[in-house]
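I have placed the structure first, in the form of structure tokens, so that the comments after it can refer back to it.
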Amino acid sequence: MSGVKLVYFNGRGKAELIRLALTYVGIEFEEVYLKEKSEIEKLRSDGDLLFQQVPLLEIDGKRIVQSGAILRYLARRGGIYGNNNDESTRIDELFEGTRDFCGPLLGMIFRPEEDVLKEAKEKLLPRYLPVFNKVLEETGSGYLVGKSLTLADLGLIEPLLILVEYLGDQVLTGYPQLQSFYKNITSDEKIASFLVGPHRKPKNDQAYVDTVRRVLNW
Ligand SMILES: N[C@@H](CCC(=O)N[C@@H](CS)C(=O)NCC(=O)O)C(=O)O
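Residue numbers (the working numbering): 1 to 218.
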């Protein structure tokens, strides 16, 4: 075992992309699932959570919090964060766009599904799908930046997976670059194995919501 440990809930939330990135860059890891309030309280009182929040990644003798910091650490370590400052900046720009795109979708089941999907159809899809489709058209490589997969592409596949899961693949109709992006990325060997493997979490369900509420005292 590599000793790498991801602490979060047994659900997607802010950890799912970290799980995907760890898998993609080839780092084996174990997961610790928070189930009780006392567990997060212990991490807090031990000083393990800088902002009192999870996810927490223990790796290379460090404890890293903040999902963006964790993902960038993994991206740099795995060589998927560009070859120079300009590329990394472009990756950041697009990656942050994927976070804005994905954010409202992560709340599925914490809010009524119909409301989230209605807002997604009215606001998120028309705002973000054309932009990402256009960027892919411009690079022509099948990736958002450069000629190989970067953190930005991992960031984009997360909301696309959620949308296709909830709305079907017709959600990408009219966006040919995104259709082939979706197909290519999900058939990448490492990503395909992640999607059917033990680190991939199922759709949020009531048990997950109850656990989060209990642990965080919501
Ligand atoms: N900006 C942080 C936000 C993390 C966050 O909101 N974590 C939630 C669980 S999803 C949490 O631990 N909340 C407890 C709290 O805020 O006290 C990140 O991206 O990691």
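Glycine included, C-beta positions come from ideal geometry on N, C-alpha and C.
In the DSSP annotation of this structure, the continuous segment of the alpha helix (DSSP H) that includes isoleucine 157 starts and ends at 151–167. Here DSSP, grouped into helix, strand and coil, assigns leucine 49 to coil. Ligand 1 has a heavy atom closer than 8 Å to the beta-carbon of valine 212. Proximity to tyrosine 128 across Leu178, Lys5 and Asp169 peaks at Leu178, based on C-alpha coordinates. Relative to the Cα of leucine 136, the nearest Cα in the group Ile59, Thr150 and Thr23 belongs to Thr150.
Closest by C-alpha distance to valine 32, out of Gln52, Gly47 and Glu58, is Glu58. In this structure, the beta-carbon distance from leucine 22 to leucine 43 does not fall below 9 Å. By the criterion of a C-beta distance shorter than 8 Å, alanine 192 is surrounded in its chain by Thr186, once the five residues flanking it on both sides are discounted.
Taking a 10 Å sphere around the C-beta of alanine 15, we find 16 or more other C-beta atoms and assign the residue as buried. Taken through DSSP and simplified to helix, strand or coil, glutamate 114 comes out as helix. Residue pairing by DSSP places leucine 17 opposite no residue, since no beta bridge is assigned to it. Residue environment analysis places phenylalanine 51 among the exposed positions, since fewer than 16 neighbouring C-beta atoms fall within 10 angstroms of its C-beta. By the neighbour-count criterion, in which a residue is buried when 16 or more other Cβ atoms sit within 10 angstroms of its Cβ, proline 198 is exposed. DSSP assignment within the segment 27–102 yields the following whole alpha helix (DSSP H) runs of 4 residues or more, N-terminal first: 37–45 and 67–78.
The three-state reading of DSSP puts valine 7 in strand, counting E and B together.
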